[in-house]
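Residue numbers (this note's numbering): 22 to 107. For each residue, glycine too, the CB sits at the ideal point set by N, CA and C.
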């Protein structure tokens with residue numbers, strides 16, 4: 022299927038950590054920890070642009086239901102901004 026474009030879906034949840042430890046699956050995750058992200062430090066921890074935009078949306082209280090990215094290279098194809106309709 023070489024003619025099928027590669028697209029990805031990224032889902033981000035906004036939450037507050039109350040207590041507990043992270044239990045990671047070694048076969049899937051190299052390292053995991055709780056970090057207080059900010060716009061100033063997000064580039065240190067999040068490398069893929071499709072995750073950055075969704076995390077920043079959640080941090081700023083903006084909930085965007087739709088964003089389409091193409092992979093190789095990562096390219097934003099379409100995004101619905103808050104308050105805009107199709």
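**Message:** If distances are taken between C-alpha atoms only, which option among 59, 35, 37 and 54 comes closest to residue 44?
**Reply:** On the chain shown, residue 44 is found 23 positions in, with the first residue counted as 1. Comparing Cα positions, the closest option is 54.
**Presumed contact (8 Å Cβ cut-off) between residue 77 and residue 63, rounded CB distance** = Translated into the one-based positions of the chain shown, residue 77 becomes position 56. Translated into the one-based positions of the chain shown, residue 63 becomes position 42. Going by Cβ atoms, the distance from residue 77 to residue 63 rounds to 7 Å, so yes, they are a contact pair.
**Item:** Rounded C-alpha distance that separates residue 42 from residue 101
**Value:** As a first step, residue 42 must be located in the chain shown, where it is residue number 21. As a first step, residue 101 must be located in the chain shown, where it is residue number 80. So the two alpha carbons sit approximately 35 Å from each other.
**Item:** Three-state secondary structure (DSSP) of residue 40
**Value:** Position 19 of the chain shown, counting from 1, holds the residue named residue 40. DSSP, read as helix, strand or coil, puts residue 40 in coil.
**Message:** If distances are taken between C-alpha atoms only, which option among 79, 73, 71 and 50 comes closest to residue 36?
**Reply:** Residue 36 sits at position 15 when you count from the first residue of the chain shown. Measuring from the Cα of residue 36, the nearest candidate turns out to be 79.
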